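Reading the sequence shown from the start, the letters are residues 9 to 474 in the working numbering.
Glycine is no exception: its CB is placed at the ideal position from the N, C-alpha and C atoms.
If you're wondering where the values come from, they're calculated on a predicted model, not measured in any experiment.
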Amino acid sequence: MEKNLFFRSIPKVDMMMETEEMKSLCERFGRDFVLEAVRLKTEELRDYINSSHDEENILNKIDSLSLDIASHIEKLASYNLKKVINATGTILHTNLGRAVISEEAAERLKKLVTGYSNLEYDLEEGKRGSRYSHFEKIITKITGAEAAMAVNNNAAAVMLILSALAKGREVVVSRGELVEIGGSFRVPDVMAQSGSKLVEVGTTNKTHLYDYENAVNEETAALLKVHTSNYRIVGFTESVSVGELSELAHKHGIPVIEDIGSGVLVDLSKYGLDHEPTVQESIQAGADIVCFSGDKLLGGPQAGIIVGKKELVEKIKKHPLTRALRIDKFTAIALESVFHEYIHEEKAVKNVPVLMLINRSQEDICHQAKQLCEMLESAVGHNCLVKAESCESQVGGGSLPLQRLGSWSVVLKPKTMTTANLEKKLRHLETPVIGRVADDNFIMDLRTVLEGETNLIYESIKNILS
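Shown next, in the form of structure tokens:
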């Protein structure tokens with residue numbers, strides 16, 4: 009094999025740049041971007057020729073050089089973040105963006121961010137205002153708190169609260185509440201970063217009021233209660249309520265801080281689910297500061313919302329870390345929109361996608377699953393076994409860990425390719441379909457498949473398997 013002949017067959021970079029294909033790409037992406045790609049792909053081709061002994065493959069690669077360059081450029085220039093179809097049945101899927109916001113909230117967001125807004129401008133006074141003012145009033149009205157603010161996530165909220173109210177002093181926490189959240193972030197680590205000193209009381213399964221009382225001294229800055237939203241300890245257990253903690257703390261002139269986690273604002277037990285403590289219940293029970301996530305059961309954007317006594321919230325607002333952790337205009341707009349849904353609880357249950365998906369009836373999902381099965385059976389039944397099966401969904405996102413929701417799935421077992429290959433092809437679509445593989449079947453739980461997405465799934469599977 010005379011490799012020098014192959015090397016001489018590779019067009020020079022300047023000649024490649026003068027071809028019609030490269031000129032067209034230059035018009036779309038700019039000369040520098042294309043030039044870099046041409047250099048990269050021609051160098052890769054030289055490396056391949058140098059290492060390969062397959063003449064036919066080498067010739068094919070030389071012939072397809074222009075196509076390889078164009079494909080490389082298109083891939084580099086394409087967006088990585090995509091809308092996906094969540095067919096996993098996990099409503100708050102952390103990897104898939106957690107809470108979905110409503111069409112109305114998205115439209116309002118679009119309207120406000122495509123122009124200027126009064127983000128930090130007081131229209132009444134004609135001077136600088138606060139970005140918290142746009143949603144503070146509605147949050148306090150709904151939760152019963154005196155004041156409110158928000159930062160970029162709930163871990164940041166906990167750190168900011170402790171930095172502002174307890175730096176250099178002791179904070180008492182039950183051992184059974186030293187939780188770890190996603191990404192290995194742990195309450196003790198967050199506390200250490202805040203500069204407060206962790207004082208553990210009780211045991212993993214049992215903590216009594218006297219445990220807290222025995223730990224309180226002149227160095228105690230606060231009592232911290234952390235709701236174990238992403239796991240449950242069952243059996244021989246005991247914990248202290250927020251009300252009991254508040255009575256003890258106020259006797260000693262210190263605040264109770266509660267990290268309530270998922271931030272639910274409606275009593276889910278009314279809708280047949282396990283009871284999850286609401287923000288309103290914590291405020292009514294006497295908690296001085298409550299923080300919670302925006303993108304979990306609240307159904308909004310990622311945020312850490314802080315509510316509570318005005319004096320304490322104002323102190324937190326003035327802390328230097330607040331600016332570093334503050335929310336942007338996108339989050340402020342989305343938060344205001346989602347909280348407005350909760351003015352009317354029945355409206356929230358219907359309009360907030362997270363609550364709507366949790367409350368979807370099995371009958372509705374069953375009808376959707378059987379309809380999709382009939383469509384797929386007709387189109388690809390000769391190439392794939394298709395059936396509808398009952399299944400169980402989960403809330404996810406560290407919320408209601410023991411709750412299982414009856415649902416229906418569409419189960420596929422392809423005959424013309426492996427199940428793993430079908431899953432991969434669906435994952436690499438322009439609008440990826442994300443399901444799960446079990447027992448060599450591809451399973452799509454339709455609880456989390458949104459309106460209008462069933463037809464997209466049908467078209468995608470039909471194109472792959474027909």
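Assignment of Pro361 by DSSP, reduced to helix, strand and coil, places it in the helix class. Rounded to the nearest whole angstrom, the CA to CA distance from Lys20 to His61 is 23 angstroms. For Trp416 and Tyr350, the gap between their C-alpha atoms comes out near 29 angstroms.
Sorting Ser74, Ile169, Glu252 and Gly308 by C-alpha distance to the C-alpha of Gly294 places Glu252 at the top.
Residue pairing by DSSP puts Asp267 in a beta bridge opposite Val234 and Cys299.
DSSP places Lys11 within a helical segment (H, G or I) once states are collapsed to three.
Following the DSSP letters along the chain, one finds Arg444 inside the beta strand (DSSP E) bounded by residues Arg444 to Ala446. If you look at Pro422, you'll find it in the beta strand (DSSP E) that goes Leu413 to Pro422. For Leu393, the enclosing beta strand (DSSP E) has its first and last residue at Cys392 to Ser401. Residue pairing from DSSP places Ser182 in a beta bridge opposite Val209.
Runs of the alpha helix (DSSP H) spanning 4 or more residues and lying entirely within the segment 40-118 occur at 63-71 and 73-85, in chain order. Sixteen is the threshold: when 16 or more other Cβ atoms of the shown chains lie within 10 Å of the Cβ of Leu231, as they do, the residue is buried. About 6 angstroms separates the CB atoms of Lys69 and Tyr56; that is less than 8 angstroms, so the two are in contact.
The C-beta of Lys259 has fewer than 16 other C-beta atoms within 10 Å across all chains shown, which makes the residue exposed.
Straight-line spacing of the CA atoms in Ser254 and Lys323 works out to 20 angstroms. Here the C-alpha atom of Ile18 lies approximately 22 angstroms from the C-alpha atom of Glu82. Here Ile18 carries a coil assignment [DSSP, helix/strand/coil].
The beta carbons of Leu305 and Gly261 sit about 33 angstroms from each other, so the pair does not count as a contact at 8 angstroms. Under DSSP, Asn449 takes part in a beta bridge, and its partners are Ala446. Judged by beta-carbon spacing, Thr211 lies within the 8 angstroms limit of Arg183, meaning their Cβ atoms are closer than that value.
Taking the C-beta atoms as reference points, Val394 is found no nearer than 8 angstroms to Val357. In this chain, the alpha helix (DSSP H) harbouring Ile324 covers Lys318 to Lys325. At the C-beta level, Asp447 and Ser401 stay beyond 8 angstroms of one another. Annotation for Lys355: Glu349 place their beta carbon closer than 8 angstroms to its own, counting only its chain and skipping 5 residues before and after. Looking at His142, Leu89 and Thr339, the one whose alpha-carbon comes closest to that of Asp130 is His142.
For the pair Ser204 and Lys233, the CB atoms are not nearer than the 8 angstroms cut-off. Taken through DSSP and simplified to helix, strand or coil, Ala229 comes out as strand.
The C-alpha of Val315 lies about 7 angstroms from the C-alpha of Val321. Counting only the Cα atoms, Thr330 lies some 55 angstroms from Glu382. Excluding sequence positions up to five before and after Ala45, its CB lies within less than 6 angstroms of the CB of Ile77, His80 and Ile81, all in the same chain and listed in chain order. Here the alpha carbon of Gly404 sits roughly 51 angstroms from the alpha carbon of Asn58. When Gly312, Val207 and Leu363 are compared, the shortest CA-CA separation from Met167 is found for Gly312. Per DSSP, the beta-bridge partners of Arg136 are Tyr129.
Boundaries around Ala257 are those of the alpha helix (DSSP H), Val250 to Lys259, since no beta strand (DSSP E) includes it. Of all C-beta pairs linking the segment 331-350 to the segment 119-139, three or more are shorter than 8 angstroms, placing the two stretches in contact. Here the alpha carbon of Asn359 sits roughly 25 angstroms from the alpha carbon of Ile291.
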